[in-house]
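Asks:
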Amino acid sequence: GGFAFAGGVEEEVEASMLEVGDVVRVATGCHVPCDGVVVQGSGSVDESMVTGEGRPVRKEVGSCVLSGTPLSDGLLFVRASRVGGATYISQVARLVESAQASKAPIQHYADRIASIFVPSVVVLSLLTFLAWYCCCLLNIVPFSWTKHEPFVFSFLFANAVLVVACPCALGLATPTAVLVGTGVGARMGVLIKSGAAIELAHKVTTVLFDKTGTLTTGDMAVVGDALFDPSVAPGELYRLACGAEAASRHPIAEALRRHAATLDVTPPPPPPPP
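So the sequence shown is numbered by UniProt numbering: it starts at 1 and just counts up by one.
Below you can see the structure in the form of structure tokens.
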């Protein structure tokens, strides 16, 4: 949901109730409920689910935002341009659903085999039943085996043929693999367009990756320091650095503050206003 403005009055509504042209207020930590354009405010939006980049993107008046992306900091007022099923996140969901419903090329081959194999198995099962039933009636089968139940005795053999020879795995294996593969891929941020893409994946010999935010998290961290003045303690260095970067939202500033917190360093208080 979100806070929309109708006639100058703010009210909380479900995302499904938004209409094109509504202005939505998005606070820090909230997800943008629709695709739209920023008409007021500024902030940083985490678009890693769209671009793979871990670093938040700064949004100002006139910037476009996508549904489902969280606001890391700031306050945005967004005019909805696409809502409901027309939003980007809805299109991604439909892509995953269509991929799960699609058939891989090998599935068509399996279906053709099953269309011939299944009737053959049924006929073989009936022939098995008739053969054993005739043997029972002609007393070829020992009486102690049938126990006055030649029909049930023959049916057990016919049923065994169905259980052993029925091509259930042939018809279910590929759809199950496509369903699970596309679902797991979507949860891990990989959108698979069709079952054919999964089938062809084993032929891939080279993969090109974007490093930042894909192979790495994109979050900066302090891994070491080098002091040019040995008389300055590392804790004092980080205390002064955190004081200088106290009002900054830059990723390097945030990395310094996180590292200083692990060292139990308290930054100096902010200077008084002029």
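Every residue, glycine too, gets a C-beta built ideally from N, C-alpha and C.
Please state whether DSSP places Lys-103 in a helix, a strand or coil.
Replies: In the sequence shown, residue 103 corresponds to position 103, counting from 1. Of the three classes helix, strand and coil, the one that applies to Lys-103 here is coil, per DSSP.
Asks: Under a three-way DSSP split, which group does Glu-97 fall into?
Replies: Taking the first residue of the sequence shown as position 1, residue 97 is located at position 97. Reduced to three states, the DSSP call for Glu-97 is helix.
Asks: Where does His-31 fall in DSSP's three states?
Replies: Working through the sequence shown from its first residue, we reach residue 31 at position 31. Residue state, collapsed to three classes: strand.
Asks: For Thr-128, which option in Ala-253, Leu-162, Val-57 has the closest C-alpha, if you only look at C-alpha atoms?
Replies: Within the sequence shown, residue 128 is the residue found at index 128, counting from 1. When each option's Cα is compared against that of Thr-128, the closest is Leu-162.
Asks: I'd like to confirm the pairing. Which residues does DSSP put opposite Leu-76 in its beta bridges?
Replies: Here the question's residue 76 lines up with position 76 in the sequence shown. DSSP, once it has assigned bridges, lists Val-26, Gly-41 as partnering Leu-76.
Asks: Taking the alpha carbon of Pro-56 as the point to measure from, which residue in Ile-89, Ser-72, Tyr-133 has its own alpha carbon closest?
Replies: Position 56 of the sequence shown, counted from the first residue, corresponds to residue 56. Of Ile-89, Ser-72, Tyr-133, the residue nearest in Cα terms is Ser-72.
Asks: Excluding five sequence neighbours on each side, which residues of the same chain lie with their C-beta closer than 8 Å to the C-beta of Ala-114?
Replies: Locating residue 114 in the sequence shown gives position 114, where the first residue counts as 1. In its chain, beyond the 5 residues on either side, Pro-167, Leu-170, Gly-171 have a beta carbon closer than 8 Å to the beta carbon of Ala-114.
Asks: Taking Cβ positions, are Ser-42 and Gly-74 nearer each other than 8 Å?
Replies: Your numbering for residue 42 matches position 42 in the sequence shown. Your numbering for residue 74 matches position 74 in the sequence shown. Yes.
Asks: Leu-126 and Ala-165 - do their beta-carbons sit closer together than 8 Å?
Replies: In the sequence shown, the residue the question calls residue 165 occupies position 165. In the sequence shown, the residue the question calls residue 126 occupies position 126. Result no, Cβ atoms of Ala-165 and Leu-126 do not sit closer than 8 Å.
Asks: So, with DSSP's three-state summary, where would you put Pro-70?
Replies: As a working note, residue 70 is residue 70 in the sequence shown. Of the three classes helix, strand and coil, the one that applies to Pro-70 here is strand, per DSSP.
Asks: For Arg-187, which of helix, strand or coil comes out of DSSP?
Replies: What you label residue 187 is simply residue 187 of the sequence shown in a count that begins at 1. Helix at Arg-187.
Asks: Can you confirm whether the segment 186-195 touches the segment 97-107 when touching is taken to mean that 3 or more C-beta pairs between the two stretches lie within less than 8 Å?
Replies: Yes: at least three Cβ pairs fall under 8 Å.
Asks: Look up Lys-59 in the DSSP assignment and say whether it is helix, strand or coil.
Replies: Here the question's residue 59 lines up with position 59 in the sequence shown. If DSSP states are grouped into helix, strand and coil, Lys-59 belongs with the strands.
Asks: Applying the 10 Å Cβ sphere with the 16-neighbour rule, what's the burial state of Val-160?
Replies: As a working note, residue 160 is residue 160 in the sequence shown. The question names Val, but residue 160 is Ala in the sequence shown. So Ala-160 ends up on the exposed side.
Asks: What would DSSP say about Ser-81, mapped onto helix, strand or coil?
Replies: Mapped onto the sequence shown, residue 81 falls at position 81. Of the three classes helix, strand and coil, the one that applies to Ser-81 here is strand, per DSSP.
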